[in-house]
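Visitor: Chains as they are written, first to last, in my numbering: chain A, 1 to 445; chain B, 1 to 445. Built from N, CA and C at the ideal position, the CB exists for glycine as well.
There are 2 protein chains.
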Amino acid sequence: MTSSPAHDISRRAFGMTVLGTGLASLAWTRTASARQAGPPRVDGARINARMAELRRYGGTPAGGTHRLGYSDEDKQARVVVAGWMREAGLEPVTDVAGNLIGRRAGTDASLKPLLFGSHVDSVPDGGNYDGPVGLLAAIEVAHTLRTRGIALRHPIEVTLWANEEGGLSGSRAVSGQFEASELSRATASGKTVEEGIRFLGGDPRRLAEARRAPGSIAGYLELHIEQGGRLEAERVDIGIVEGIVGIRRWDVTITGFANHAGATPMDRRQDAMLAAARFIDMVNRVVRARPGRQVGTVGRIEARPGAPNVIAGTVTCSLELRDLDEGVTTALFQDISREAVRIGEATGTTFAYADIHRTVPAPSDPQMRALIETSAKALGLSTKVMPSGAGHDAQAMARLGPMGMIFIPSVGGISHSPKEFSHPEDITRGADVLLGAVLAADAAR
Amino acid sequence: MTSSPAHDISRRAFGMTVLGTGLASLAWTRTASARQAGPPRVDGARINARMAELRRYGGTPAGGTHRLGYSDEDKQARVVVAGWMREAGLEPVTDVAGNLIGRRAGTDASLKPLLFGSHVDSVPDGGNYDGPVGLLAAIEVAHTLRTRGIALRHPIEVTLWANEEGGLSGSRAVSGQFEASELSRATASGKTVEEGIRFLGGDPRRLAEARRAPGSIAGYLELHIEQGGRLEAERVDIGIVEGIVGIRRWDVTITGFANHAGATPMDRRQDAMLAAARFIDMVNRVVRARPGRQVGTVGRIEARPGAPNVIAGTVTCSLELRDLDEGVTTALFQDISREAVRIGEATGTTFAYADIHRTVPAPSDPQMRALIETSAKALGLSTKVMPSGAGHDAQAMARLGPMGMIFIPSVGGISHSPKEFSHPEDITRGADVLLGAVLAADAAR
Chain A
1 MTSSPAHDIS RRAFGMTVLG TGLASLAWTR TASARQAGPP RVDGARINAR
51 MAELRRYGGT PAGGTHRLGY SDEDKQARVV VAGWMREAGL EPVTDVAGNL
101 IGRRAGTDAS LKPLLFGSHV DSVPDGGNYD GPVGLLAAIE VAHTLRTRGI
151 ALRHPIEVTL WANEEGGLSG SRAVSGQFEA SELSRATASG KTVEEGIRFL
201 GGDPRRLAEA RRAPGSIAGY LELHIEQGGR LEAERVDIGI VEGIVGIRRW
251 DVTITGFANH AGATPMDRRQ DAMLAAARFI DMVNRVVRAR PGRQVGTVGR
301 IEARPGAPNV IAGTVTCSLE LRDLDEGVTT ALFQDISREA VRIGEATGTT
351 FAYADIHRTV PAPSDPQMRA LIETSAKALG LSTKVMPSGA GHDAQAMARL
401 GPMGMIFIPS VGGISHSPKE FSHPEDITRG ADVLLGAVLA ADAAR
Chain B
1 MTSSPAHDIS RRAFGMTVLG TGLASLAWTR TASARQAGPP RVDGARINAR
51 MAELRRYGGT PAGGTHRLGY SDEDKQARVV VAGWMREAGL EPVTDVAGNL
101 IGRRAGTDAS LKPLLFGSHV DSVPDGGNYD GPVGLLAAIE VAHTLRTRGI
151 ALRHPIEVTL WANEEGGLSG SRAVSGQFEA SELSRATASG KTVEEGIRFL
201 GGDPRRLAEA RRAPGSIAGY LELHIEQGGR LEAERVDIGI VEGIVGIRRW
251 DVTITGFANH AGATPMDRRQ DAMLAAARFI DMVNRVVRAR PGRQVGTVGR
301 IEARPGAPNV IAGTVTCSLE LRDLDEGVTT ALFQDISREA VRIGEATGTT
351 FAYADIHRTV PAPSDPQMRA LIETSAKALG LSTKVMPSGA GHDAQAMARL
401 GPMGMIFIPS VGGISHSPKE FSHPEDITRG ADVLLGAVLA ADAAR
């Protein structure tokens, strides 16, 4: 208890009961500070106005956002965000990894911090929603707590993670997964990661100081757009993420024999392009043949010498497999590489694979899922438990403590595109669910 | 008749009889100037030594040649070639299109010139044989005529065509097919065609002066490596080209929808890469389904945005079809575009085609084929009538007069590669066949 009468409102207002099913029930009661019926609500108009304001930093004529991690636009946006954090009663600090963290003390100094946030950097020529929705909602949750005089037991930290799109650099520095060798890697901004961290006010030499130990946080919550089309198609309000899929990525090199496209008869070719074509079609078939929600993609391809009048001697392409179960991606890769041998035999080519990327699946915390479910239900919203096919900072945070993620619908399932769109009312609903989940997590843990 | 006793040797030495089948028979008789039995022979050692010497200009550590049209190496090689022309009794002149032409007068001033030659420029990181074999053989034929004191009735012109690999620029300027708009086109050398022509000593402003009228030449003969593997596989010494295939080339644009490779389920994708893969496989199947020697190739591909974690929204690729009969390529394209519609329907993508290149088939002259056949048979060499799948300067010359082309085997059918190789004895045989054909053409026309 502190001298401020607001500080203990949350404890009085929320009673958490863990049911036999493992689900938690949030019992809402009126208090002097929250006079309206039902759970407290965020100011949706403010979030959505700020969504528009953020577009001043990297908004494109095409209607999207080009705000690469470590770019000038990224840095400018963070200055504005820091101001919003202060308005929300948070004390913004840039850590050595370039993350911008807005802190507020809790009423119980013995408790670990509760983190929630997202990012503001975008892919090249990306959309306006991937990242900002979650970050602005997180700030709005803190703002609502302040406006309504709701104190939390836990310290809270609203996190703007640095360079999410460029490889979760900021959150992985905090989780201890960031490798020193990554510092020299070029990013889309033109800066190396090291230069980018310094540009944002971090200190790459002291990166180890950003690291936190597993078990050192009370929990992490993140609101994000779905980036797929399931919620919209099934008319569900809120997605409860059961986990973030693991990703395996390979560079596939197909070697045939470059030769003259006019002088080489069809039956004497070793055409790496033909072999690549059959490979890409086969990957699609193998991935779809198995029941489940796994995905497989070939998104990058290069043929050499790459002339219309020369049979390709070499083709390199990417292969990416994602699933919540690493056993599934392993089995898929075995099937794919086995079938590729046959394609090679038929086309006079060989296949080689270089393992270039692997992230392990990050399951969310069952109690966090229950808190989100309860929060949504209290607001009268429908929910669906689903995997996240995309990577998020939440997967790094899952290493440090219980993680929960909330999805809102993406119209048409479009993301990483100027056409990315989520309805303002869905953003507000998502922020309300986040607020309820934060309050419940504060009460529960 | 002229004052030189050598001048009428060829007329006495060769008697041409056109048979009822349309084939010509070359009757060889001994003369005072050609004492050995059988047809006169070139100095094969000299050709092959010069093949090696030419590698001083653009020879690569990989064992091939990088001598781009209009490059420094190209220009340097031409200086040496001009010297060899002079040794062969030819007077080298650079025309306004940058072609290097070695002339020798004939005994009959009323006759049109007989042309034979090839090129010395290469594709990037190409081989040593594509071009030089034919040019050095042509010079060697002239050298042999001089050494043996053989006069020809026709003026002869040994032609080094400029920028063959970059689009037959020199020979097409002479045939009148070169368009003024091509002058500004960039070439692999880094120079525009206009800059390149000037660099070689031509004059792009006076290009029309290079042009010759149809019917203005007695004939054109070219020796070249096959660039395919048929002659070697079938153990045939000499290919008699029945024509140079027509080429049709398209840019194919496949439009799907770029989306997140993790968040977009397999059944909700409009994957332009998958559609491209099925297209490439289908092109191969359609081209091979029809009997004949037509070829179809997809050698270039670009996927956008081209990231491993983004479903391709757009793929552009090349499509090239070649055949001696334009009706065949037209029918193939109809089949391909019809099947592509179905691929588009199945993958949620659309196909669009931009017609970017067309050369019409260039049949060789039946009498020229007969002369080559007779020349080869007189040397005891086996022959095979075959199309040229590759384009050659000969196709431009076919517009001006009777054209004939001679192929020698390419080991493994490899071309446009450092591994391109033809046996020295095959080069010598080809030059001997060219010599016999030149002598016979001189006698016949």
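What distance in whole Å lies between the Cβ atoms of residue 406 of chain A and residue 223 of chain A, which are believed to be in contact at a cut-off of 8 Å?
Guide: In the first sequence, the residue the question calls residue 223 of chain A occupies position 223. In the first sequence, the residue the question calls residue 406 of chain A occupies position 406. Going by Cβ atoms, the distance from residue 223 of chain A to residue 406 of chain A rounds to 5 Å, so yes, they are a contact pair.
Visitor: Is it right to say residue 408 of chain B is buried, meaning 16 or more other beta carbons lie within 10 angstroms of its own, or is it exposed?
Guide: Start at 1 with the first residue of the second sequence, and residue 408 of chain B comes out as number 408. Buried, because 16 or more other Cβ atoms sit within 10 Å of the Cβ of residue 408 of chain B.
Visitor: Helix, strand or coil for residue 260 of chain B? Go by DSSP, reduced to three states.
Guide: Looking up residue 260 of chain B in the second sequence gives position 260. Residue 260 of chain B: strand per DSSP, three-state reduction.
Visitor: Classify residue 423 of chain A as helix, strand or coil using the three-state DSSP reduction.
Guide: Residue 423 of chain A sits at position 423 when you count from the first residue of the first sequence. If DSSP states are grouped into helix, strand and coil, residue 423 of chain A belongs with coil.
Visitor: Relative to chain B, which residues along the stretch 316-331 of chain A have a C-beta separation below 9 Å, given in chain order?
Guide: Answer in chain order: 317, 318, 319, 320 and 322.
Visitor: Looking only at DSSP bridge pairs, what is residue 248 of chain A linked to?
Guide: One-based indexing of the first sequence puts residue 248 of chain A at position 248. Answer is A/321 and A/358, bridged to residue 248 of chain A.
Visitor: So that I know if they touch, is there some Cβ in chain B lying closer than 8 Å to that of residue 405 of chain A?
Guide: The count along the first sequence starts at 1 and reaches residue 405 of chain A at position 405. Not one chain B Cβ lies under 8 Å of residue 405 of chain A.
Visitor: Three or more C-beta pairs closer than 8 Å, one from the stretch 105-123 of chain B and one from the stretch 154-172 of chain B: is that the case here?
Guide: Output reads yes: the stretch 154-172 of chain B touches the stretch 105-123 of chain B.
Visitor: Can the beta-carbon of residue 416 of chain A be found less than 8 Å from the beta-carbon of residue 133 of chain A?
Guide: Within the first sequence, the letter at position 416 stands for residue 416 of chain A. Within the first sequence, the letter at position 133 stands for residue 133 of chain A. Cβ distance not < 8 Å, so residue 416 of chain A and residue 133 of chain A don't count as in contact.
Visitor: So the alpha helix (DSSP H) residue 199 of chain A belongs to, where does it begin and stop?
Guide: The residue labelled residue 199 of chain A in the question sits at position 199 within the first sequence. Where residue 199 of chain A is concerned, the enclosing alpha helix (DSSP H) stretches over 193-199.
Visitor: Since residue 142 of chain A and residue 90 of chain A should fall inside the 8 Å C-beta cutoff, what is the C-beta to C-beta distance between them, to a whole number of angstroms?
Guide: On the first sequence, position 142 is the one that residue 142 of chain A refers to. On the first sequence, position 90 is the one that residue 90 of chain A refers to. Rounded, the Cβ-Cβ distance is 5 Å, consistent with contact.
Visitor: Using a Cβ-Cβ cutoff of 7 Å, what residues of the stretch 260-287 of chain A are near chain B? List them in chain order.
Guide: Listed by position, the residues of the stretch 260-287 of chain A near chain B (Cβ gap below 7 Å) are 260, 261, 262, 263, 264, 265, 266, 268, 273, 274, 277, 278, 280, 281, 284 and 287.
Visitor: Please determine if the stretch 386-399 of chain B and the stretch 252-259 of chain B are in contact, where contact requires at least 3 C-beta pairs separated by less than 8 Å.
Guide: Contact fails: fewer than three Cβ-Cβ distances are below 8 Å.
Visitor: Which class does residue 45 of chain A belong to by DSSP, given the choice of helix, strand or coil?
Guide: Within the first sequence, the letter at position 45 stands for residue 45 of chain A. Helix, per DSSP.
Visitor: Which residue from B/425, B/435, B/440 and B/443 puts its Cα closest to that of residue 41 of chain B?
Guide: As a working mapping, residue 41 of chain B is identified with position 41 in the second sequence. Taking only the C-alpha atoms, the option nearest residue 41 of chain B is B/435.
Visitor: Please list, in chain order, the chain B residues whose beta carbon lies closer than 8 Å to that of residue 311 of chain A.
Guide: As a first step, residue 311 of chain A is located in the first sequence; it is residue number 311 there, counting from the start. Here the neighbours are 297 and 299.
Visitor: Below 8 Å on the Cβ atoms is my guess for residue 332 of chain A versus residue 270 of chain A; work out the distance and round it to an integer in Å.
Guide: Start at 1 with the first residue of the first sequence, and residue 332 of chain A comes out as number 332. Start at 1 with the first residue of the first sequence, and residue 270 of chain A comes out as number 270. 27 Å between Cβ atoms; not a contact.
Visitor: Check whether chain B comes within 8 Å of residue 427 of chain A, counting only Cβ atoms and requiring the distance to be less than that.
Guide: Translated into positions along the first sequence, residue 427 of chain A becomes position 427. Not closer than 8 Å to any Cβ of chain B, the Cβ of residue 427 of chain A fails to qualify, so no.
Visitor: Curious, which full-length alpha helix (DSSP H) runs of at least 4 residues does the stretch 386-436 of chain B contain?
Guide: Those alpha helix (DSSP H) runs which fall completely within the stretch 386-436 of chain B and span 4+ residues are 393-397.
Visitor: Just to confirm, are residue 322 of chain B and residue 98 of chain A a CB contact at a threshold of 8 Å?
Guide: Counted from its first residue, the second sequence places residue 322 of chain B at position 322. Counted from its first residue, the first sequence places residue 98 of chain A at position 98. No.
Visitor: Give me, in chain order, the residues of the same chain whose beta-carbon lies closer than 8 Å to that of residue 194 of chain A; leave out the 5 immediate sequence neighbours on both sides.
Guide: Taking the first residue of the first sequence as 1, we reach residue 194 of chain A at position 194. Within the same chain, residue 194 of chain A has close Cβ partners 183, 184 and 204.
Visitor: Going along chain B, which residues have a C-beta under 7 Å from residue 181 of chain A?
Guide: Your numbering for residue 181 of chain A matches position 181 in the first sequence. Within chain B, no residue comes near residue 181 of chain A; the closest Cβ sits about 19 Å away, beyond 7 Å.
Visitor: Looking at chain B, is there any beta carbon in it that lies within less than 8 Å of the beta carbon of residue 430 of chain A?
Guide: Numbered from 1 along the first sequence, position 430 holds the residue referred to as residue 430 of chain A. It does not: the Cβ of residue 430 of chain A has no partner Cβ on chain B nearer than 8 Å.
Visitor: Taking contact to mean at least 3 C-beta pairs separated by less than 8 Å, is the stretch 297-306 of chain A in contact with the stretch 286-303 of chain B?
Guide: As far as the Cβ criterion goes, the stretch 297-306 of chain A touches the stretch 286-303 of chain B, which means the pair count is three or higher.
Visitor: Quick check: what's the CA-CA separation for residue 112 of chain B versus residue 173 of chain B?
Guide: Here residue 112 of chain B is taken as the residue at index 112 of the second sequence, counted from 1. Here residue 173 of chain B is taken as the residue at index 173 of the second sequence, counted from 1. Looking at the two C-alpha atoms, the distance is approximately 19 Å.
Visitor: Kindly list, in the order they appear in chain A, the residues whose Cβ is closer than 7 Å to that of residue 227 of chain B.
Guide: Taking the second sequence and counting its residues from 1, one reaches residue 227 of chain B at position 227. Within chain A, the residues near residue 227 of chain B are 260 and 263.
Visitor: For residue 214 of chain B, does the count of other Cβ atoms within 10 angstroms reach 16, so buried, or fall short, so exposed?
Guide: Along the second sequence, one-based indexing puts residue 214 of chain B at 214. With fewer than 16 Cβ atoms within 10 Å of its Cβ, residue 214 of chain B is classed as exposed.
Visitor: Distance cutoff 8 Å, beta carbons only. Does residue 396 of chain A sit that close to anything in chain B?
Guide: Here the question's residue 396 of chain A lines up with position 396 in the first sequence. Residue 396 of chain A does not count as touching chain B.
Visitor: Can you name the residues that DSSP bridges to residue 384 of chain A?
Guide: As a working note, residue 384 of chain A is residue 384 in the first sequence. A/239, per the DSSP bridge assignment.
Visitor: Out of curiosity, what's the CA-to-CA distance linking residue 150 of chain A and residue 439 of chain A?
Guide: Numbered from its first residue, the first sequence carries residue 150 of chain A at position 150. Numbered from its first residue, the first sequence carries residue 439 of chain A at position 439. Going from the Cα of residue 150 of chain A to the Cα of residue 439 of chain A covers about 9 Å.
Visitor: Kindly list the residues whose CB is nearer than 6 Å to the CB of residue 239 of chain B, restricted to its own chain and excluding five residues on each side of it in sequence; keep chain order.
Guide: Your numbering for residue 239 of chain B matches position 239 in the second sequence. Cβ neighbours of residue 239 of chain B beyond the five flanking positions: 226, 231, 384, 386 and 407.
Visitor: In chain A, which residues lie with their C-beta within 8 Å of the C-beta of residue 293 of chain B?
Guide: For the purposes of this step, residue 293 of chain B is taken as residue 293 along the second sequence, with counting starting at 1. Within 8 Å Cβ-Cβ: 265.
Visitor: Using only the alpha-carbon positions, how far apart do residue 102 of chain B and residue 140 of chain B sit?
Guide: Here residue 102 of chain B is taken as the residue at index 102 of the second sequence, counted from 1. Here residue 140 of chain B is taken as the residue at index 140 of the second sequence, counted from 1. Roughly 12 Å between the two C-alpha positions.
Visitor: Quick check on residue 34 of chain B - is its C-beta less than 8 Å from some C-beta in chain A?
Guide: Looking up residue 34 of chain B in the second sequence gives position 34. Note on residue 34 of chain B: pLDDT 44, under 50, position unreliable in the model; no value is reported.
Visitor: Using beta carbons (cut-off 8 Å, strictly below), is residue 422 of chain B in contact with chain A?
Guide: Taking the second sequence and counting its residues from 1, the one referred to as residue 422 of chain B is at position 422. False, the Cβ-Cβ gap to chain A never drops below 8 Å.
Visitor: Can you tell me which of the three DSSP states residue 327 of chain A falls into?
Guide: Taking the first sequence and counting its residues from 1, one reaches residue 327 of chain A at position 327. The answer is helix: DSSP assigns residue 327 of chain A an H, G or I state.
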